[in-house]
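Chains as they are written, first to last, in the numbering used here: chain A, 41 to 144; chain B, 41 to 144.
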């Protein structure tokens, strides 16, 4: 299991809408994440910079990356694209952070 | 249980030393954290900005804050103070992030 963290960026005017669309997320997206070995997935907001900080426990990077090949994920990215910094395929600009410390 | 995230800032030249001092941390500090209801504590580095992102599952904010009143924690803060942005009491400058989303 990999403890994964990454940052994304939401546009300041869209923070409430970003949060609203995550509570709840689409049931088919939640099912997809679980099928791809994603657990304990959390997103936090840095209100100073509007960076989003994601933390998730994933079975493998391969399964995590494979999410992007699914229709449900592509539809979700398209749905969210207006709210945040994205790449040309609508995926969020996401930068991995480096794991320095763990205590169980 | 509260899923807590916060950011701190390490000085760029001290990243390796910061990581070294956490692997392992002092056994008495680990014991103290567990006694104060801290679990699954992780620290990640944003290599672009030198912000550190902490994620921890804590029993309460009161127990978390009480850590700072202990001698072991004060000694740890003093030990680490040269490596990162700190307050006048040697505690790290730490800014809480807002929890937007959770999936189990």
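Beta carbons: idealized from backbone N, C-alpha and C, even for Gly.
Keep in mind it's a predicted model, so treat the numbers as computed, not measured.
Is it true that the CB of residue j sits closer than 8 Å to the CB of residue i?
i, j, result
"residue 76 (chain A)", "residue 103 (chain A)", "yes"
"residue 46 (chain B)", "residue 94 (chain B)", "yes"
"residue 142 (chain A)", "residue 140 (chain B)", "no"
"residue 133 (chain B)", "residue 41 (chain B)", "no"
"residue 137 (chain A)", "residue 84 (chain B)", "yes"
Would you mind sorting residue i into buried or exposed? The rule is 16 or more other CB atoms within 10 Å of its CB.
i, result
"residue 86 (chain A)", "buried"
"residue 51 (chain B)", "exposed"
"residue 44 (chain A)", "buried"
Closest to residue i by C-alpha separation, out of the options, would be which residue?
i, options, result
"residue 82 (chain A)", "B:58, B:88, B:97, B:110", "B:97"
"residue 135 (chain A)", "A:117, A:69, A:73, A:91", "A:91"
"residue 130 (chain A)", "A:89, A:112, A:144", "A:112"
"residue 69 (chain B)", "B:128, B:125, B:107, B:127", "B:107"
"residue 116 (chain B)", "B:67, B:100, B:101, B:144", "B:67"
"residue 60 (chain A)", "A:119, A:125, A:127", "A:119"
"residue 99 (chain B)", "B:88, B:114, B:109, B:74", "B:74"
"residue 144 (chain A)", "B:56, B:57, B:55, B:65", "B:65"
"residue 88 (chain B)", "B:114, B:55, B:125", "B:55"
In this structure, how does DSSP classify residue i when only helix, strand and coil are distinguished?
i, result
"residue 82 (chain B)", "strand"
"residue 76 (chain B)", "coil"
"residue 67 (chain A)", "helix"
Residues of chain D with CB under 8 Å from residue i, in chain order?
i, result
"residue 135 (chain B)", "In the structure shown, chain D does not exist; the protein chains are A and B."
Discussion item. To test your reading of the DSSP string, which unbroken alpha helix (DSSP H) runs of 4 or more residues are found completely within the segment 95-128 of chain A?
Written reply: If we require 4 residues or more, the alpha helix (DSSP H) runs fully inside the segment 95-128 of chain A come out as 101-106, 111-120.
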